[in-house]
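Engineer:
In structure tokens, the structure reads:
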């Protein structure tokens, strides 16, 4: 997926996610997850994809288990019962189906995200004619996440050297305040300086901007992405009409 | 806040910038009404597919329309603080989401931008937060409309809250009720519950009492969201007030609050 134009990858990922959501078949969700794992293996990121997906999905699965299976009132095949707890086969089936549906949705987007060249995405956004502000915010946020984490670690270390904080809730609250205020202050100060630089350069300039590096899609990508999107939309419409 | 130094300031309020946010808000409201009025009995099964698609697509499309209308109006000085808010959301939300606390604390950055720069910037930060964070955690994507509502409400009460900080948790509590009602259908229909273990336990408890899925998720959201937003509004207001006056007064809402106080 990394070699695809960012929008082609997004079209494929969005189509797969929407079809799995609309079809709501456990085997289709499972097939999409398996396909994502195969693609991840080809790119050598299986472990990263599995780890990230597990971190994202574990709380969701636990929630679905608690909501649908552990306190199920309606199922007839009871596995465990005691007090308010009533674990049933039907509840487990519902939770499993929902879990797989969410897993397909999350895995396909995570694969896209992990294989995405984020700088190519920003350039593609800039070329595509969406407001320049959107491209700026995406680029700035992606650059700021690691920078802010680094700055937070540096501030924490500096405050620890000063002996800020301590044990107990009051100490932790003081430590959090002594981290948050300089972090937000420094981030806003930087933002203010950046805004002057942007204004000096007349941001956002008109729609015609010179691109020093362009991201281009290969010849087949645009028609194939269009076909995939149209097929997915038609499939979703048919599936939803059938479900009603 | 200073205007562009080289280019004349644009008026920015075109028909498009007025129409798109209205269309977006109408689409979000229509999606909510459709889900709540037509679907409650089927929701109990938890596995029907069309409400999931409608909740996902309707809310997301509405939020994107809102963003398309609002974003071109924002000046560069407001634009540069939005990524700061987004990063705060991502860093705090990712951390709290993995703990067993029935709060989210993923909107402090959105509220902060709303309190500094107003309704439009707050709503845009909410939507952008969901779009950009979905690169790290795709499950937040359908909650874009709820996040926009929080940012919009933060901007609406900004001047009031910055004049009297004790009103921040009260405003946050009320905003949380509205956010809970807007976001509950997404949690119920797209995810069949909630996106966290602790909040899932609360939904499970209501289900055990015989409530439908949507009713259980809405009740859980009405417990978690007001408390969560009360904390977010209070923390964001205190952070704004803790900023040096020189920096604080560069932003429109603190400047208005200070002018009202003087």
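Residue numbers (my numbering), protein chains in the order written: chain A, -8 to 235; chain B, 2 to 263.
Beta carbons are placed, not taken as given, at the ideal position from N, Cα and C, and that holds for glycine.
Being a predicted model, the structure only gives us computed values, none of them experimental.
1) Between residue 193 of chain B and residue 152 of chain B, which are expected to be in contact by the criterion C-beta below 8 Å, what is the C-beta distance as a whole number of angstroms?
2) Would you say residue 186 of chain B and residue 215 of chain B are within 8 Å of each other, going by their C-beta atoms?
3) Give a single yes or no on whether residue 175 of chain B has its beta carbon closer than 7 Å to a heavy atom of the ligand NAP.
4) In whole angstroms, give me the CA-to-CA distance for residue 233 of chain A and residue 21 of chain A.
5) Can we say the segment 176 to 190 of chain B touches the segment 39 to 49 of chain A, given the rule of at least three CB pairs closer than 8 Å?
6) Report the rounded CA-to-CA distance for residue 170 of chain A versus residue 148 of chain A, giving the unit in angstroms.
7) In chain C, which residues lie with their C-beta within 7 Å of the C-beta of residue 178 of chain A?
8) Given this structure, state the Cα-to-Cα distance separating residue 77 of chain A from residue 12 of chain A, to the nearest angstrom.
9) Do you know offhand how far residue 190 of chain B's Cα is from residue 190 of chain A's?
10) Take residue 249 of chain B and list the residues in its own chain whose beta-carbon comes closer than 6 Å to its own, dropping the five residues that flank it on each side.
11) Excluding the 5 residues preceding and the 5 following residue 15 of chain A in the sequence, name in chain order all residues of the same chain whose CB lies nearer than 7 Å to its CB.
12) By how many angstroms is the C-alpha of residue 225 of chain B removed from the C-alpha of residue 61 of chain A?
13) Whole angstroms are fine: how far does the CA of residue 56 of chain A sit from the CA of residue 241 of chain B?
14) Since residue 69 of chain B and residue 32 of chain B are thought to touch, with beta carbons under 8 Å apart, how far apart are those beta carbons, to the nearest angstrom?
15) Does the CB of residue 200 of chain B have a neighbour CB from chain A at under 8 Å?
16) If we ignore side chains and look at the alpha-carbon of each, how far apart do residue 43 of chain B and residue 125 of chain B end up?
17) Alpha carbon to alpha carbon, how far is residue 223 of chain A from residue 173 of chain B?
18) Is any beta-carbon of chain B found at less than 8 Å from that of residue 64 of chain A?
19) Between residue 77 of chain B and residue 186 of chain A, how many whole angstroms is the CB-CB distance? I'm expecting something under 8 Å.
20) What is the residue span of the alpha helix (DSSP H) that residue -1 of chain A lies within?
21) If contacts are defined as beta-carbon pairs under 8 Å, then residue 175 of chain B and residue 133 of chain B qualify, I think. What distance do you get, rounded to the angstrom?
22) Can a CB atom of chain A be found closer than 8 Å to the CB of residue 111 of chain B?
23) Please check if any C-beta of chain A sits within less than 8 Å of the C-beta of residue 81 of chain B.
24) Run down chain B in chain order and give the residues with a C-beta less than 7 Å from the C-beta of residue 140 of chain A.
25) Suppose you measure from the CA of residue 4 of chain A to the CA of residue 103 of chain A; what does that come to, to the nearest Å?
26) What residues from chain A crowd round residue 88 of chain B, counting only those whose CB sits closer than 8 Å?
27) Return the chain-ordered list of same chain residues with a C-beta closer than 7 Å to the C-beta of residue 39 of chain A, the five sequence neighbours on each side being excluded.
28) Count the other CB atoms, across all protein chains shown, that sit within 10 Å of the CB of residue 79 of chain B; report buried if there are 16 or more and exposed otherwise.
29) In the DSSP assignment, find the alpha helix (DSSP H) that holds residue 142 of chain A and state where it starts and stops.
30) Spell out whether any CB of chain A is found under 8 Å from the CB atom of residue 60 of chain B.
31) So, at 7 Å on beta carbons, what are the nonlocal neighbours of residue 82 of chain A in its own chain, with the 5 sequence-adjacent residues on each side left out?
32) Identify the continuous alpha helix (DSSP H) that holds residue 133 of chain B and give its terminal residues.
33) Pick helix, strand or coil for residue 244 of chain B, following the three-state DSSP scheme.
34) Could you tell me which chain B residues have their CB closer than 7 Å to the CB of residue 100 of chain A, listed as they occur along the chain?
Structural biologist: The short version:
1) Between residue 193 of chain B and residue 152 of chain B a beta carbon distance of about 27 Å is seen, past the 8 Å cut, so the two are scored as non-contacting.
2) yes
3) Although the ligand NAP was asked about, the structure shown includes no ligands whatsoever.
4) Whole-angstrom Cα-Cα distance: 22 Å.
5) no
6) 10 Å
7) Any reference to chain C falls outside this structure, whose protein chains are A and B.
8) 28 Å
9) 44 Å
10) So the list reads 255, once near-sequence residues are dropped.
11) Once the five neighbours on either side are set aside, the close Cβ partners of residue 15 of chain A are 92.
12) Put simply, the backbone Cα of residue 61 of chain A is about 21 Å away from that of residue 225 of chain B.
13) 40 Å
14) In fact, because the Cβ distance is near 17 Å, the residues do not count as touching under 8 Å.
15) yes
16) Below a pLDDT of 50, predicted positions are generally treated as unreliable, and residue 43 of chain B, at 44, falls in that range; the measurement from the model is reported next regardless. Cα to Cα, the separation comes out at about 33 Å.
17) 40 Å
18) With 8 Å as the cut-off, residue 64 of chain A counts as an interface residue toward chain B.
19) 5 Å
20) Boundaries of the alpha helix (DSSP H) around residue -1 of chain A: -3 to 14.
21) Not a contact, Cβ separation roughly 27 Å.
22) Cβ-Cβ to chain A under 8 Å: no for residue 111 of chain B.
23) yes
24) Going along chain B in sequence order, the residues near residue 140 of chain A (Cβ under 7 Å) are 92.
25) 7 Å
26) 132, 135, 136, 139 and 178
27) 105
28) buried
29) 123 to 152
30) no
31) A distance below 7 Å between beta-carbons, with the five flanking residues on each side excluded, links residue 82 of chain A to the following residues of its chain, in chain order: 59, 60, 63 and 66.
32) 120 to 134
33) In the structure shown, residue 244 of chain B sits in coil (DSSP, three-state: anything other than H, G, I, E or B).
34) By Cβ distance, chain B contributes 135 and 139.
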